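To start, the structure under review is shown below, and the notes come after it.
In this note's numbering, the protein residues as written are 115 to 166.
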């Protein structure tokens with residue numbers, strides 16, 4: 115997956131779709147059980163902004 119995301123052969127829009135389909139679900143799988151602190155919320159928001 116890493117090689118696919120860093121490849122110059124794919125358009126950025128396709129890479130973002132791949133991230134939304136494969137990376138976000140893995141990241142958010144257990145989020146319902148997490149205790150969201152301000153720090154964790156900021157980290158999740160920073161990760162989301164970094165991805166776009």
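Glycine included, C-beta positions come from ideal geometry on N, C-alpha and C. The model shown is predicted, which means the values in this text are computed figures rather than measured ones.
Is the CB-CB distance between residue i and residue j below 9 Å?
{"i": "residue 136", "j": "residue 115", "result": "yes"}
{"i": "residue 133", "j": "residue 165", "result": "yes"}
{"i": "residue 161", "j": "residue 130", "result": "no"}
{"i": "residue 118", "j": "residue 124", "result": "yes"}
For residue i, is the beta carbon positioned less than 8 Å from some heavy atom of the ligand SAM?
{"i": "residue 118", "result": "As far as ligands go, the structure on display features none, and thus does not contain the ligand SAM."}
Closer than 7 Å by C-beta to residue i: which residues in its own chain qualify, once you throw out the five before and the five after it? Chain order, please.
{"i": "residue 147", "result": "none"}
Near residue i, which residues of its chain fall below 6 Å by C-beta distance, leaving aside the five closest residues on each side in sequence?
{"i": "residue 154", "result": "none"}
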